[in-house]
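Before any comments, here is the structure.
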Amino acid sequence: RMEQCLSRRREKLFRQLVSDASKGLTFSQDVMWEMGLDNISYSEADFSWLFCASGPWAPNIRSKSRKHGEMKVLQHHAGLRSSVTSPLPAFPPLQTVHQHSLTNNDLFITVPGPQDGKVDSVKRTGQRGVLNVNNKNHIKTPKLLCLEDILKPHAGKYVYNTENSFELYSELSRLEKGVQQWVVLPTKADYATEQGLRPPDYTRQEAKVAKERIHYSPMQRLSSLRYAVEGWKNAWKIKTSRQSVTIEGLMKDLTDLHSQVRLAAIVTCASRAVNRPKLCPHSDETGLAQHGQSYEVEAVPPELQPLLLLALNDPVKRVQLAASVCQYAIGTPNAQARDILQKALQQDSSGAGVDGWVAAQCLAIEGEASQSVIERLLSQLFLSNAPSDQEQADTLLVSISSKTILVRSLLGEELNCADWKKRVLACKTISELKCPINKDLTNKLLYLMWNDWNGLVRQAAVEALGKMGLGSAIHNELSAKLHKGPTSWRVQALILIGQLKIMTAKLLASFLRCLTDEFVVVRKQACSTAASLMIKDEMIQKNLFHLMQNDSSCEVKVAAINALGRIGWLTPTLQRLLLWAVQNEEDPSVRIVACEALKTLGVKCPELQNLLQERLILETNAQVHRHIEDLMKHYGYSQDTSMFHMITEQVQKLCTKRNITEKLLLLENLKQQ
């Protein structure tokens, strides 16, 4: 090591000695001329030869100036002649160049000048005896720069030099927007999450990959968790990049100084876990099942799981909540995560907070059926206006109803709510519960079925009883109300029969009695119920025929004709009655409904065309006239009214004052005679 130090010192001293010795060294004038114009300063250069014009290029001046100029030129060229004639040892011998374009008396003498690339051509002319000196510069093409001349010398072996011009990259590099730059080194491919990829296996034959693209389908059992995570993420407007994120980037973000970065990384992991696909690859997609290989998609890579567990102790509460939700999303809930979610649920006093909603969903998905969880789900069911939130709350309540009867009791209390919308939701949710229904709740639903002021609540109560297997109780109640009940009960029973669309032999007898009831409202509702049931029964049709012909109320006639049209059972008797109603009914509403029934049933006969043309002329009501025109256009009948106009004109002529006076006078004269 001592010898190396001494050698370095000697080398340093030698370089310093050489630099000190070369400071005073200069080049001679001839050497400077040979090196070129770049090494001569502007003040030392001689440019007088540029302004020496002779021969045909000489300017025309007076005699005195001409003589003076000739003397100067002679002196100048005499010096050149002497320099040409006297051979210098430093210059090479003269070279004579003959050109075909010159005469015999012209001779070029080429003398190499002191500068590189400059040639002095001396032309001797016999007429003037004057030497003209022309300086010609021969410009050489500069040599192209190499890549080594541009780059720094220490680039060394990293410079790639090629002699093939087609391999040179001449395009200018420009910044492109949206190009993702590399952050870290590439990681090993995850063959479980990438669709269509297979791990390398050289021990078996290559399996044929299906050409059809494999469609992504997330796990159905994670739908509730997926809705909870995505809803919480969208509520707090947390932006994630699940498709382009890397494991190294997530590890860096999970240990970041800023809480927002940590929160986004945790939510990204949770979103990836709930959106992972099913077990893949399938046997019918890639054919790997025949080799005994199957792969399950990991919720979160193993490298991230310790960091997600550490996030449960984060100083920021929202990050703790996100870490707890992530633990439920990846399927590894623990006691610490459960405590964090329960605290968030207790702090949601308003019952409409985002954190409390996601906490209740995660706990309910796990199977916890505590009162706080059920109350928060009921709050979301009745207070939220989003149908998706109501569906999620309803699904979770149904799933935990098999573990406790508290859900049934709290929903039974909502049946007494003043808001009819809440009563409808309560009836629909009760009908889907998995717990047994007691007698009190059944009686409450029966009471709502008959006595609630809102029709939607009554219908929801009836549907709930039917879904719970209490159809026999409903049937007995309807039969009793139709047979012995007051008028309002019979009307309500008929409405329920039309909504439920049920008709049995026991109910048919009571229903036929309602068609001949003494009250108009009962007969009208019975016709509407028959239209809803659309039963093609002879007894029902005969009663409707009787009502459309002989009933004293026009409303009942309209309801009966409408019911016959909706049932769609066309008979010759019905066709004859409808034509008679269009022609002879006094009430316009009955004639209008008869026209609509003819159009609905598709009645088409010769009598119909004559009848419509006659009624088109004689009809006085504008609405009935419009319906007749529409019916004629529907069947393609002509609407020729020329005869009608002729008859009208004749009647108008005969009904003038003059004609009437003449007829009266004629009658008086006949009586007197």
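Each residue of the sequence shown is one higher than the one before, starting from 7 at the first, in this note's numbering.
Yeah, the Cβ is synthetic: ideal placement off N, Cα and C, and Gly gets one too.
In the structure shown, what three-state DSSP assignment does Pro224 receive?
In the sequence shown, residue 224 corresponds to position 218, counting from 1. Strand.
Between the Cα of Ser405 and those of Glu254, Cys433, Ile371, Glu397, spot the shortest distance and give me the residue it belongs to.
In the sequence shown, residue 405 corresponds to position 399, counting from 1. Ranking the options by Cα distance to Ser405, first place goes to Ile371.
The alpha helix (DSSP H) with Pro393 in it runs from where to where?
What you label residue 393 is simply residue 387 of the sequence shown in a count that begins at 1. Its alpha helix (DSSP H) spans residues 393–406.
Which residues bound the alpha helix (DSSP H) around Val599?
Here residue 599 refers to the residue found at position 593 of the sequence shown. Segment 594–607, the alpha helix (DSSP H) holding Val599.
DSSP three-state call for Pro442: helix, strand or coil?
Residue 442 sits at position 436 when you count from the first residue of the sequence shown. Coil.
Buried or exposed: Ile436, going by 16 or more other Cβ atoms within 10 Å of its Cβ?
For the purposes of this step, residue 436 is taken as the residue at position 430 of the sequence shown. Per the 10 Å Cβ criterion, buried.
Looking only at its own chain, which residues have a Cβ that is under 6 Å from the Cβ of Pro308, when we skip the five neighbours before and after it?
Here residue 308 refers to the residue found at position 302 when the sequence shown is read from its first residue. Same-chain partners within the cutoff: there are none.
To the nearest angstrom, report how far apart Lys323 and Gly359 are at their CA atoms.
Along the sequence shown, one-based indexing puts residue 323 at 317. Along the sequence shown, one-based indexing puts residue 359 at 353. For Lys323 and Gly359, the distance between alpha carbons rounds to 15 Å.
Along the alpha helix (DSSP H) that carries Thr579, what are the first and last residues, could you check?
Here residue 579 refers to the residue found at position 573 of the sequence shown. It spans 578–590 - the alpha helix (DSSP H) in which Thr579 sits, taken as one unbroken run.
Following the continuous alpha helix (DSSP H) through Ile666, name the residue where it begins and the one where it ends.
Translated into positions along the sequence shown, residue 666 becomes position 660. Where Ile666 is concerned, the enclosing alpha helix (DSSP H) stretches over 663–678.
Quick check on Tyr334: buried or exposed, where buried means 16 or more other Cβ atoms within 10 Å of its Cβ?
Working through the sequence shown from its first residue, we reach residue 334 at position 328. Under this definition Tyr334 is a buried residue.
Can you round the beta-carbon distance between Ala467 and Leu476 to whole angstroms, since I take them to be within the 8 Å contact cut?
The residue given as residue 467 occupies position 461 in the sequence shown. The residue given as residue 476 occupies position 470 in the sequence shown. The Cβ separation is near 11 Å, so there is no contact.
Taking the alpha-carbon positions, what's the Gln226 to Ala565 distance?
For the purposes of this step, residue 226 is taken as the residue at position 220 of the sequence shown. For the purposes of this step, residue 565 is taken as the residue at position 559 of the sequence shown. Cα to Cα, the separation comes out at about 50 Å.
Going by beta carbon distance, what residues of the same chain come within less than 6 Å of Lys239, once the five residues before and after it are set aside?
Here residue 239 is taken as the residue at index 233 of the sequence shown, counted from 1. Same-chain partners within the cutoff: Val273.
How many Å lie between Lys504 and Pro393 at the Cα?
What you label residue 504 is simply residue 498 of the sequence shown in a count that begins at 1. What you label residue 393 is simply residue 387 of the sequence shown in a count that begins at 1. Note that residue 504 corresponds to Gly in the displayed sequence, not to Lys. Rounded to whole angstroms, Gly504 to Pro393 spans 28 Å at the Cα level.
I'd like to check one pair, Leu402 with Ser229: are the Cβ atoms closer than 8 Å?
Locating residue 229 in the sequence shown gives position 223, counting from the first residue. Locating residue 402 in the sequence shown gives position 396, counting from the first residue. Contact flag unset, no.
Can you tell me whether Phe525 is buried or exposed? The criterion is at least 16 other CB atoms within 10 Å of its CB, across all chains shown.
By one-based count along the sequence shown, residue 525 stands at place 519. Phe525 should be labelled exposed.
Checking 8 Å against the spacing of the C-beta atoms, do Leu521 and Ala537 come in under that value?
By one-based count along the sequence shown, residue 521 stands at place 515. By one-based count along the sequence shown, residue 537 stands at place 531. No, the pair does not count as a contact, with Cβ atoms beyond the cut-off.
How many whole angstroms separate the CB atoms of Asn482 and Trp426, which I take to be in contact at a CB cut-off of 8 Å?
Sequence index remark: in the sequence shown, residue 482 carries index 476 (1-based). Sequence index remark: in the sequence shown, residue 426 carries index 420 (1-based). That pair is no contact at about 27 Å.
Residues in its own chain within less than 6 Å of Leu622 by CB, not counting five upstream and five downstream?
Working through the sequence shown from its first residue, we reach residue 622 at position 616. Here the set comprises Ile634.
Is Pro307 helix, strand or coil when you go by DSSP?
For this step, residue 307 is matched to residue 301 along the sequence shown. Coil.
Using the beta-carbon count (16 or more within 10 Å), is Thr535 buried or exposed?
One-based indexing of the sequence shown puts residue 535 at position 529. Buried is the call here.
Thinking just about the alpha-carbon of each residue, which of Tyr643, Leu387, Asp395, Ser250 is nearest to the one in Gln619?
As a position in the sequence shown, residue 619 is number 613, starting the count at 1. Here the closest residue by C-alpha is Tyr643.
Please name the residue or residues paired with Pro312 in a DSSP beta bridge.
The sequence position of residue 312 within the sequence shown is 306, counting from 1. Paired residues: none, contrary to the question.
Return the residue from the list Arg414, Arg464, Glu420, Leu607 that minimises the CA-CA distance to Lys445.
As a position in the sequence shown, residue 445 is number 439, starting the count at 1. The option with the nearest alpha carbon to Lys445 is Arg414.
Where does Val79 fall in DSSP's three states?
As a first step, residue 79 must be located in the sequence shown, where it is residue number 73. Confidence at Val79 is low in this model, with a pLDDT of 39, below 50, so the placement of that residue should be treated as unreliable; the coordinate-derived value is given next. Note: Val79 maps to helix in three-state DSSP.
Going by C-alpha distance, which of Ile380, Arg282, Pro321, Asp361 is nearest Gly337?
Locating residue 337 in the sequence shown gives position 331, where the first residue counts as 1. Cα-wise, what sits closest to Gly337 is Arg282.
What residues in its chain sit with their C-beta under 7 Å from that of Lys450, if we drop five residues either side in the sequence?
Locating residue 450 in the sequence shown gives position 444, where the first residue counts as 1. The answer, listed in chain order, is Gly418, Leu421.
How many whole angstroms separate the CB atoms of Ile573 and Ala587, which I take to be in contact at a CB cut-off of 8 Å?
Stepping through the sequence shown from its first residue, residue 573 is reached at position 567. Stepping through the sequence shown from its first residue, residue 587 is reached at position 581. The Cβ separation is near 16 Å, so there is no contact.
Return the first residue and the last residue of the alpha helix (DSSP H) that Gln615 is part of.
In the sequence shown, residue 615 corresponds to position 609, counting from 1. Looking at the DSSP string, the run of the alpha helix (DSSP H) that includes Gln615 is 612–624.
Would you call the region 377–396 in contact with the region 259–275, where contact means no fewer than 3 C-beta pairs closer than 8 Å?
With a cut-off of 8 Å, the region 259–275 and the region 377–396 do not count as touching, because too few Cβ pairs lie within range.
Work out the CA separation of Gln498 and Gln398 for me, nearest whole Å.
Within the sequence shown, the letter at position 392 stands for residue 398. Within the sequence shown, the letter at position 492 stands for residue 498. Approximately 34 Å between the Cα atoms of the pair.
Please return the same chain residues whose Cβ sits closer than 7 Å to the Cβ of Asp593, not counting the five positions on each side in sequence.
Counting from one through the sequence shown, the residue named residue 593 turns up at place 587. The residues are Cys560.
What's the call for Lys610, buried or exposed, on a 16-neighbour Cβ count within 10 Å?
By one-based count along the sequence shown, residue 610 stands at place 604. Lys610 is exposed by the Cβ-count criterion.
Can you have a look at Met540 and say buried or exposed, based on whether 16 or more other CB atoms are within 10 angstroms of its CB?
Walking along the sequence shown from the start, residue 540 turns up at place 534. It is exposed - the Cβ of Met540 has fewer than 16 other Cβ atoms within 10 Å.
With a floor of 4 residues, list each alpha helix (DSSP H) that falls wholly inside the region 327–354, ordered by position along the chain.
Entirely contained in the region 327–354, the alpha helix (DSSP H) runs reaching 4 residues are, in chain order, 341–353.
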